[in-house]
Amino acid sequence: VEVNGKLVPFLELGVGFNPDLSAKENVYLNGTILGLTMKELDEYIDDIFDFAELREFANMSIKNFSSGMQVRLAFSIAIRVKSDILILDEVLAVGDGEFQKKCYQYFQDIRGKKTILFVSHGLDSVKKYSDRVLWLKEDKSYEIGDPIEMVEKYSKTF
């Protein structure tokens, strides 16, 4: 695989969180792990908590957060990283419907500006949010094509 650009994987969101630290402290920790500077984090901190809808929980220990709250916070940090390519592996399978809509709106807003590799078994989302689909098959073969066409082919395998 050849990569041309800065890559941000949205794989195990929040993997760098320390349960003994507050949410705000974890923003700085996780943001630094992802390559953000302290200056950038100072600038983005309010937007991070607003997007995650967790402003009132900024000083709470993250060990008291639900998994959905942790994913919202981690996602909100990760989208601040300046990148050309985002890799999303079932990242939106966690979280409530309203937050998922907010995330999909973010993807619509950056469409055409960044490359998004979106891994999902949510076929409606694949059809709605993909420009092209890569279907990796069990026999290690693959097909690339139009989202609606590829989802229809994939659905017939069940």
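Under my numbering, the sequence shown has 48 at position 61, and the numbering climbs by one with no breaks.
Yeah, the Cβ is synthetic: ideal placement off N, Cα and C, and Gly gets one too.
All of these numbers come straight from a predicted model, not from anything done at the bench.
Closest residue to residue i among the options (Cα-Cα distance)
i	options	result
residue 47	12, 67, 61 and 33	12
residue 180	106, 61, 100 and 27	Because the chain in this structure spans residues -12 to 145, residue 180 falls outside the shown range and cannot be described.
residue 115	22, 135 and 127	135
residue 112	84, 14 and 2	84
residue -8	122, 100, 132 and 118	100
residue 58	97, 32 and 3	3
Cβ-based burial, residue i [other Cβ within 10 Å; buried from 16]
i	result
residue 66	buried
residue 129	exposed
residue 49	buried
residue 23	buried
residue 121	exposed
residue 35	buried
residue 52	buried
Residue j beta carbon less than 8 Å from that of residue i
i	j	result
residue 71	residue 102	yes
residue 138	residue 110	yes
residue 64	residue 17	yes
residue 39	residue 9	no
residue 25	residue 41	no
In DSSP terms, what residue i is bridged to
i	result
residue -6	72
residue 132	120
residue 106	76
Beta carbon proximity, residue i to chain D, threshold 8 Å
i	result
residue 62	Among the chains of the structure shown, chain D does not appear; only one protein chain is present.
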